[in-house]
Amino acid sequence: MDLQKAFGEQKVLKGISLEVRRGETVAVLGRSGGGKSVLLKLIIGLQTPDGGSIQIADKEITQLDENQLNEVRKRVGFLFQQAALYDSLTVEDNVAFPLTRHTKMSSAERNNRAHELLADVGMDRDLGKMPSEISGGMQKRVGLARALALDPEIILFDEPTAGLDPITAAEIGDLIVNLKRKRKMSAVVVTHDVHGAKAYSDRMVLLHEGNIAAEGTFDDLQGSQDEFVKQFFSYGSR
Ligand SMILES: Nc1ncnc2c1ncn2[C@@H]1O[C@H](COP(=O)(O)OP(=O)(O)O)[C@@H](O)[C@H]1O
Ligand SMILES: [Mg+2]
């Protein structure tokens, strides 16, 4: 609520209030450099806000120490802008990594779980491959499987479809819809792909110059008379 973040003189977020209900998917749109990634990092406690509050499942997270934050982070999946897989681990071990770190599962249980998660994203045939041996779209899928490993209540996606061809991007979008249906998670998806976001989000928030320029369904925003909203949507549909 009322989140503020500046880097030196640059005010990136000037007071953002965003609420995500259980099971809801909110798309956060905005121009490059508009503070979308910063917003996600604040939500997960990777950066600290200059002002404002953040609650995850009724818990205020801005006051927590690193140990307490780690507990919260277990409940929040994060798919980074770059899939950020560990280069030296196989696909399977990448997905099992959070399980090794945060659970007491046996290695057989971890492997089973990794297999299951990879099947959910259509990657179970590539268990033994290294990240360098699979395409960007496949890496995103694996990153998604890893983000889901601890069965998070909330998942944050940073531009899950950026840099992918339109077909692969649509596949990732479908995956988001299906996962949400299956697991009833809340999700925040940062993107500048207006039409992709229409397919998988319940609500959209458009950031502009550190504030929320508009908020609502795709139809609400498309019908907006606000100059920036109109501009964003007209470029987004070309
Ligand atoms: N750790 C940082 N230190 C200084 N400036 C940063 C840092 N992280 C982000 N910024 C700046 O904040 C602005 C918003 O960045 P970002 O959230 O990554 O934008 P985007 O909406 O494209 O994800 C950019 O101008 C960026 O340079
Ligand atoms: Mg970004």
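Per the numbering used here, the very first residue in the sequence shown carries number 304; after that it's consecutive. Just so you know, even glycine gets a beta-carbon here, dropped at the ideal spot from N, CA and C. Quick caveat: nothing in here was measured; it's all calculated off a predicted structure.
Contact set for residue i: own chain, Cβ-Cβ below 7 Å, skip 5 residues either direction
i: residue 527; result: 517, 533
i: residue 529; result: 516, 517
i: residue 425; result: 444
i: residue 439; result: 466, 467
i: residue 398; result: 417, 420, 421, 445, 448, 449, 452
i: residue 536; result: 497, 524, 525
Any non-hydrogen atom of ligand 2 closer than 7 Å to residue i Cβ
i: residue 396; result: no
i: residue 474; result: no
i: residue 496; result: no
i: residue 350; result: no
i: residue 339; result: yes
i: residue 384; result: yes
i: residue 369; result: no
i: residue 512; result: no
i: residue 429; result: no
i: residue 462; result: yes
Strand pairing of residue i, partner residues [DSSP]
i: residue 514; result: 511
i: residue 461; result: 493
i: residue 319; result: 306
i: residue 359; result: 362
i: residue 313; result: 310
i: residue 499; result: Paired residue(s): none; residue 499 is not in a bridge.
Beta carbon of residue i nearer than 8 Å to that of residue j
i: residue 293; j: residue 329; result: In this structure the chain extends from 304 to 541, so residue 293 is not present and cannot be described.
i: residue 317; j: residue 341; result: no
i: residue 338; j: residue 510; result: yes
i: residue 345; j: residue 306; result: yes
i: residue 472; j: residue 454; result: no
i: residue 460; j: residue 493; result: yes
i: residue 491; j: residue 315; result: no
i: residue 378; j: residue 312; result: no
i: residue 435; j: residue 390; result: yes
i: residue 266; j: residue 357; result: The first residue shown for the chain is 304 and the last is 541, placing residue 266 beyond what the model contains.
i: residue 423; j: residue 394; result: no
i: residue 442; j: residue 388; result: yes
Residue interval of the alpha helix (DSSP H) (run including residue i)
i: residue 439; result: 439 to 450
i: residue 367; result: No alpha helix (DSSP H) contains residue 367, which DSSP labels as neither H nor E.
i: residue 379; result: Element bounds for residue 379: not the alpha helix (DSSP H) but the beta strand (DSSP E), 379 to 382.
i: residue 471; result: 469 to 486
i: residue 394; result: 394 to 405
i: residue 410; result: 410 to 423
i: residue 346; result: 339 to 346
Closer than 7 Å: residue i CB and nearest ligand 1 heavy atom
i: residue 317; result: no
i: residue 307; result: no
i: residue 355; result: no
Cβ-based neighbour list, residue i, same chain, cut-off 6 Å, excluding 5 preceding and 5 following
i: residue 476; result: 499, 502, 503
i: residue 375; result: 359, 364
Where the beta strand (DSSP E) through residue i begins and ends
i: residue 330; result: 328 to 332
Contacting residues, own chain, Cβ-Cβ under 8 Å from residue i (five flanking each side not counted)
i: residue 327; result: 489, 490, 505, 506
i: residue 363; result: 356, 357
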